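Residue numbering for the sequence shown follows our numbering, beginning at 242 and increasing consecutively. Even glycine gets a Cβ: it sits at the ideal position worked out from N, Cα and C. Small disclaimer: the values here were computed from a predicted structure and weren't measured.
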Amino acid sequence: MIFQVIAKASEHSQLPQAVSNNAVAQVKINNKDYIISFSGLANGKGYQDVHNRSFVYNVTKNQWREKSAVPIKETVNGLVGRLASVATAINEVAYVFGGYTLAKDHSEVSVPDVYAYHVLDDHYQALTPMPVPVDDSIALPYQSRYIFLISGWHNDGNVNLVQLYDTKTNQWQQASPFPGKAVFGQAGGIIDNKILVCDGVGIDVHFNKRRSYAAQTACYRGEINPQSPSEISWFKVKHPTGQSRYRMAAKGTINTTSNTKEIVFIGGSNNPYNYNGIGYNGEPSKPSNEVWRYNLDTDKWQVTYSKTATMDHRGLLELNGKLLTIGGMGENQQVLKSINYY
Numbered sequence: 242m243i244f245q246v247i248a249k250a251s252e253h254s255q256l257p258q259a260v261s262n263n264a265v266a267q268v269k270i271n272n273k274d275y276i277i278s279f280s281g282l283a284n285g286k287g288y289q290d291v292h293n294r295s296f297v298y299n300v301t302k303n304q305w306r307e308k309s310a311v312p313i314k315e316t317v318n319g320l321v322g323r324l325a326s327v328a329t330a331i332n333e334v335a336y337v338f339g340g341y342t343l344a345k346d347h348s349e350v351s352v353p354d355v356y357a358y359h360v361l362d363d364h365y366q367a368l369t370p371m372p373v374p375v376d377d378s379i380a381l382p383y384q385s386r387y388i389f390l391i392s393g394w395h396n397d398g399n400v401n402l403v404q405l406y407d408t409k410t411n412q413w414q415q416a417s418p419f420p421g422k423a424v425f426g427q428a429g430g431i432i433d434n435k436i437l438v439c440d441g442v443g444i445d446v447h448f449n450k451r452r453s454y455a456a457q458t459a460c461y462r463g464e465i466n467p468q469s470p471s472e473i474s475w476f477k478v479k480h481p482t483g484q485s486r487y488r489m490a491a492k493g494t495i496n497t498t499s500n501t502k503e504i505v506f507i508g509g510s511n512n513p514y515n516y517n518g519i520g521y522n523g524e525p526s527k528p529s530n531e532v533w534r535y536n537l538d539t540d541k542w543q544v545t546y547s548k549t550a551t552m553d554h555r556g557l558l559e560l561n562g563k564l565l566t567i568g569g570m571g572e573n574q575q576v577l578k579s580i581n582y583y
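What follows is the structure in C-alpha cells.
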C-alpha cells in the first residue's frame with residue numbers, strides 16, 4: 242500500500258544552527274520533554290565544520306539553548322569535533338557514544354568515549370569506553386537498563402560486533418554478532434525484545450585493486466533473550482523496496498492509529514556518500530522522502546511518502562504521537578536547522 246504522509250518544518254522552533262550527522266536523544270523529567278542534539282556537521286560541510294556542540298530543546302518552553310560541548314577524553318591531533326556519534330536515552334539520562342574525528346587530510350579516528358548526559362545539570366559523566374570504538378552505528382535501549390551498539394565503522398573498517406552496555410554496572414559485554422555483512426550508516430529500531438536493522442554500507446574487497454564501498458540491501462530481525470540479553474536470535478526479513486538507503490532515521494514505535502508495533506525508517510539516500518553529501522561514486526547524493534513501516538506482528542511492510550526529503554540522520558525521535566527528525570541534510574546536500582515531524 243502506498244500513501245502520502247505530511248512532513249514539514251515543525252511547529253516547534255528551529256535549531257539554533259543547522260546541523261547534520263548529529264546524535265539525537267530525548268528525555269522526560271518531571272513530565273517535561275527535552276530533545277538533545279550532540280555534535281555533528283555545520284553549514285560549510287568542510288572538515289573544519291565538524292563540531293562537538295550540543296543543543297537542548299525544552300519542549301514546554303518551546304526554546305532551544307546551547308549547552309556544554311560534548312567532552313573528549315583525549316583529543317585526536319587537537320581535534321574535538323565528531324561526526325557519526327550515536328545517542329539514546331534510558332529514564333532521565335541521555336547516553337552518547339563515540340563518533341569520529343576528521344582531519345584536514347580527511348583521516349578519520351573512531352573515538353572510544355561514552356558519556357551519560359544529565360540535562361538539568363548540563364553535566365557529562367564519563368563512563369567505561371567502548372571495547373571496540375565504533376561510529377556510524379546504532380544505539381538501541383532495552384529493559385530500561387541495557388544499550389546495544391550494532392555493527393558500525395572502527396577506524397579503517399566495519400565490524401559485525403553487537404556491543405552490549407549495562408547502565409547499572411557500567412560494564413560492556415559482547416552479544417550475538419550481527420548476522421549480515423558488517424556495515425556503517427545502517428538504521429534500526431527496537432520494540433520490547435525485537436530489533437530490526439536495515440541497509441547501510443559494506444566493503445567489497447577485490448583482486449589487485451583498492452577495496453570499495455557497496456550499499457547493502459538487507460534487513461535483519463533480532464529477538465533478544467529476556468533472561469540473557471547478550472543472546473540474540475537473528476533472521477532475515479524481506480526488504481521493503483529492494484533498494485538500499487543510507488543514514489535513515491529509525492525508531493520502534495506504537496502506531497496510534499492501528500495500535501500496532503512498528504519499526505519506522507525515514508529518509509536517507511540511495512547513494513552512499515562522504516561526510517559532505519557527495520557520493521563515494523562522485524555523484525551528489527539525493528535525499529529520499531520514503532517512509533518505511535515494518536509491522537512486527539504481521540511481518541509486513543508499508544511504504545509511504547513524505548512531502549519532505551531528508552538524509553544524514555543518526556536517529557528518529559517521537560513526541561506527542563509524532564515522529565521527529567532533528568536537522569540532517571535536504572535537497573542539494575543543504576544542512577538543515579529544522580525539526581521535521583511525521
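Legend entry - Segments of 3+ residues assigned as beta strand (DSSP E) that fall wholly inside the stretch 402 to 457: 403 to 407, 412 to 416, 428 to 432, 435 to 439, 442 to 445 and 453 to 456
Legend entry - Residue nearest to V355 in terms of C-alpha spacing, selected from I388, D363, Y461 and S348: With respect to the C-alpha of V355, the residue from I388, D363, Y461 and S348 having the closest C-alpha is I388.
Legend entry - Pick from N512, P513 and A491 that is closest to L558, judged by C-alpha positions: A491
Legend entry - CB of S280 within 9 Å of CB of S309, strictly: No. Outside cutoff.
Legend entry - Own chain residues within Cβ distance below 6 Å of Y288, not counting five before or after: L343 and K345
Legend entry - Endpoints, the beta strand (DSSP E) within which G571 is located: Neither: G571 is in no beta strand (DSSP E) and is coded neither H nor E.
Legend entry - DSSP beta-bridge partners of M552: Partner(s): M570.
Legend entry - Of the listed residues G339, V350 and S295, nearest to N318 (C-alpha basis): V350
Legend entry - Selection from G493, D553, N434 and Q457 that minimises the alpha carbon distance to Q468: With distances taken between Cα atoms, Q468 lies closest to N434.
Legend entry - Three-state secondary structure (DSSP) of D376: strand
Legend entry - Any 3 or more C-beta pairs closer than 8 Å across the stretch 512 to 519 and the stretch 534 to 542: no
Legend entry - Where D290 sits in the DSSP three-state scheme: helix
Inset, instruction - Kindly list the residues whose CB is nearer than 8 Å to the CB of Q457, restricted to its own chain and excluding five residues on each side of it in sequence; keep chain order. - result: G421, K422, V424, Q427, D440, G441, V442, G443 and S485
Legend entry - CA nearest to the CA of T369, picked from K409, N511, S510 and H347: K409
Legend entry - Segment contact flag, the stretch 545 to 552 with the stretch 569 to 578, C-beta cutoff 8 Å, min 3 pairs: yes
Inset, instruction - Note down, in chain order, each residue of its chain lying with its Cβ closer than 7 Å to the Cβ of A248, except the 5 sequence neighbours on either side. - result: Any reading at A248 is ruled out, since the residue's pLDDT is 47, under 50, leaving its predicted position unreliable.
Legend entry - Under 9 Å between C-beta atoms of K578 and V268: no
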